[in-house]
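Residue numbers (my numbering), protein chains in the order written: chain A, 2 to 520; chain B, 2 to 520. Ideal placement from N, C-alpha and C gives every residue a C-beta, glycine not left out.
As structure tokens, this is what we get:
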């Protein structure tokens, strides 16, 4: 029994049985321990951004953490961008980062780095396991930290000698369920304040995110909105929205500053439930950072750490929403089949028409997929997973993790080409694990969002330098060959009809498939 | 004139005219400024690990820094692993990391992170530009920091408002040449101590790295070794060795602990010139971290910040090496053409036979290429660039940067498949910039080095979990399609003859080409 064995057993005893991994020499005792535990499913990513993004997708769908295995500081560094997204999504996750043996650190061997400094900005919780004797306690604490409501990124640094030495006590420690990880009880004073505000009948937005954009919470919220006349709105970006026909259709706060300012211009009060007051994604000269008018009163009913379902129920009770007030639910609706050139709109409509029941949509389509959300309120019920932290390169890994979490459901990765290239290695994991993912690459062959931003700067038409930093068309990326190179079948669509035909054949089959949608 | 304009002008005035980049919205004013300066060559990488690795390769060949342009904390995070390698290589580099406008930071917008915490572990120097008025000074300081001998990773955090505001003074600041960045003068006491040690005729190793493994320094060192009877040895990993026929053949310290311990077992004293005393790359239970016997006396003649050429000349003078002592130079030698199955040895011999004059070899072949070094002492003169920090994923980017630095020279990327996947996006930059790079992917379809390490742990034959974390053969990566997908021509070799034929056609042509060497 090594420290690494105890670490694995502690994870398993606490319900963590999937480990997304890319190991190195310093983690070899952990690999050996994993090898002795076939109950743990080890999923290899060929780059650490795949590993962390997949762990995020898994946990968003399971509402429970997976583990990751990362090799020293550089391996962690490679996974940081998607840890950043996970941190913003409040995804539960336990990262195991290998580290040199304690006595080896003073040698400053080539791979020695300051792992804590790298880990802290993208983790809610960081601890170093300095001895095999601490493995059980530290691992259980990491699991507890990951589970702290609504979820945290917990990073454990596993020194090699703590992994290979025998712990004094080999008893597995179970993370205590409940406190301190359980969601906080809603504050009755805040419930009353929110109810009072809603009764004023001023122009009110209820802005929600986190667990408040799951289907049941949204139904309760919709009843409150109907009863009070308030507008229900989701944050711009959310970890997981349950939506589609028979569920509440909820709009999201606009991404663009002008649109956000306009949409909030008349708002007199905002009630926050698991959300934060809307701010600009980026700063722009002469434009405000806060999207609400200064006069708007902001009332926080419950932050993300609170039991949001209970807070919503308490609010409905406090308001006295009558039993016969019904939520506004989306009617099932399939658009007509579009035809002709493949535009972003045609892409959205084709998908809206052909989405299967109970799909999981991982959206990193950036500009090309902006029409998708509005077009699919009446599509079959589905989960919608977004890029929560703005660090591109999560789409394909997120889809991998979601597919592993929910093997019986079809995953649709709606993927921009520029961001898709960031973690393109994920396609190999799609193939390796035979994941049921249809990836639609929106191939506009440029960083379209940045072309728009450059125009905003007033730089005029892009010259050679700007074009060569914003365009991806020289040479053109061939996504069919790219997918094939990693063992994934693929085809190209250049018209709406071709996309429709490919979806018709791809949706009923199982396993990964890539469609390059040339826009 | 914006702060971003002044930043560009300051870079140009200080001789930095290449910017490896992957920008985002917060850097759009910088992009606009670059666009107004066609003298600056902007090279897009489709992932930041490509950007930083290419800047490393460029600077290693130019002995002068390039700039990088990275998007906020996550963009920096994606580039950190190769910054780690650059830091270990003591590569001069100026990173420009975009940051939100000062007033926007308090909003905690989705992409807000602690950039300093991320930057420090992989940078020698970090500064935040908080105002347009500081751009000139801060940028010049960054260039000076990058140039501080023998080279440093300097990271500038550019707040968006510092980029878009007008600086009070628009005068370009030139980094002062010489102090404090110039190499330190050698210490005469140390020179005398080293000379005294060499005269003792104890069993002595002169361990060298950095600028001491360039051709002229090695010739002077070889004369000292001949005169004193000492053994000349290079560090295990070096930023750039000048080697081949007509140059000094220098062995490198072994990577494996057992081999290193054996090779140093009888050493009584070691003289360090730009090198550090050898330590194990990783710690192993029951094995020492230090590779030298405890009785070995270590004398540091000059560390990396010192003028190593001068230190070596002073040592030769102090020793009184006679004018007629000649260095030991490699004789030109081409091995016979190997045939049959493509083994690592056959690969090394085929390359040794067919390398063109004056090539630049970027080696990230890990296990498969270990035979290359020994087989090419008599190959035509070439530069040999190594993975200095152990963070895999540098080979293809490094080759891109080297090719941009030296467009008239053939670059050979000797690339393992596992590490090649880390930054496979670099192939697109090879195509985009029409770089003269022949990439040989050593396709053994596994993390072979880790298979060996797992065996060392005594774990026995790998089971399912270990195999699925160490093997890359399910599915097989198709490097020909991968390269084609990114616009690079490619072919596969399965025998030594096929590899030879492909090299025969690839070497004289210009532009990128990938050979998948199936081992």
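| Item | Value |
| --- | --- |
| C-alpha gap between residue 272 of chain B and residue 110 of chain A, whole angstroms | 19 Å |
| Alpha-carbon spacing of residue 326 of chain B relative to residue 220 of chain B, whole angstroms | 11 Å |
| Own chain residues within Cβ distance below 7 Å of residue 202 of chain B, not counting five before or after | 230 |
| Closer than 9 Å at the beta carbon, the chain A residues around residue 282 of chain B | 26, 110, 111 and 112 |
| Cβ neighbours of residue 206 of chain B in the same chain (closer than 6 Å, five flanking residues each side left out) | 232, 234, 268 and 271 |
| The stretch 131-138 of chain B / the stretch 163-173 of chain B touching (three or more Cβ pairs under 8 Å) | yes |
| Residue 218 of chain A, buried or exposed, once every other Cβ within 10 Å from all chains shown has been counted against 16 | buried |
| Residue 517 of chain A classed as buried or exposed, judged by whether at least 16 other C-beta atoms fall within 10 angstroms | buried |
| Neighbour-count burial assignment, residue 421 of chain B, 16 or more Cβ in a 10 Å radius | buried |
| Inter-residue spacing [alpha-carbon to alpha-carbon] between residue 236 of chain A and residue 211 of chain A | 9 Å |
| Chain B contact residues for residue 35 of chain A, given Cβ-Cβ distances below 8 Å | 466, 467 and 470 |
| Neighbour flag for residue 482 of chain A against chain B, beta carbons, 7 Å | yes |
| Residue 161 of chain B beta carbon less than 7 Å from that of residue 132 of chain B | no |
| Buried versus exposed call for residue 288 of chain A [16 or more other C-beta atoms within 10 Å across all chains shown] | exposed |
| Through-space distance from residue 508 of chain A to residue 242 of chain A, alpha-carbon basis | 22 Å |
| Length at least 4, wholly inside the stretch 429-506 of chain B: the alpha helix (DSSP H) runs in chain order | 449-457, 465-471 and 480-486 |
| Where residue 165 of chain A meets chain B, residues with beta-carbon distance less than 7 Å | 286 |
| Chain-ordered neighbours of residue 265 of chain B on chain A, where CB pairs are closer than 7 Å | Correct list: empty, because the minimum Cβ distance to chain A is about 15 Å. |
| Those runs of the beta strand (DSSP E) which lie wholly inside the stretch 285-330 of chain A and span at least 3 residues | 298-303 |
| Bridge partners - residue 384 of chain A, DSSP secondary structure assignment | A:243 and A:361 |
| Proximal residues of chain B, C-beta to C-beta of residue 249 of chain A below 7 Å | Near residue 249 of chain A there are no residues of chain B at all, since even the closest Cβ is about 24 Å away, more than 7 Å. |
| C-alpha gap between residue 42 of chain B and residue 431 of chain B, whole angstroms | 15 Å |
| Whether residue 78 of chain B touches residue 67 of chain B by CB criterion (7 Å) | no |
| Cutoff 6 Å; reference residue 484 of chain B; Cβ partners in own chain excluding five residues on either side | 428, 491 and 515 |
| CB contact below 7 Å: residue 161 of chain B versus chain A | yes |
| Presumed contact (8 Å Cβ cut-off) between residue 403 of chain B and residue 450 of chain B, rounded CB distance | The Cβ separation is near 24 Å, so there is no contact. |
| Chain A residues whose Cβ lies nearer than 9 Å to that of residue 429 of chain B | 422, 473, 476 and 478 |
| Partners in chain B for residue 391 of chain A, counting only beta-carbon separations shorter than 7 Å | 111 and 112 |
| Close Cβ partners of residue 413 of chain B (< 6 Å) along its chain, the five nearest in sequence each way excluded | 360, 362 and 439 |
| CA nearest to the CA of residue 466 of chain B, picked from A:6, A:3, A:9 and A:44 | A:44 |
| Reduced DSSP secondary structure (H/G/I, E/B, other) of residue 123 of chain B | helix |
| Short CB-CB distance (under 7 Å) between residue 488 of chain B and chain A | yes |
| 7 Å Cβ cutoff, residue 118 of chain B in contact with chain A | yes |
| Within-7 Å CB hit, residue 416 of chain A to chain B | no |
| Beta-carbon proximity list for residue 381 of chain B, same chain, < 8 Å, skipping 5 on both sides | 245, 246, 333, 356, 357, 358, 359 and 360 |
| Delimiting residues of the beta strand (DSSP E) encompassing residue 43 of chain A | 42-45 |
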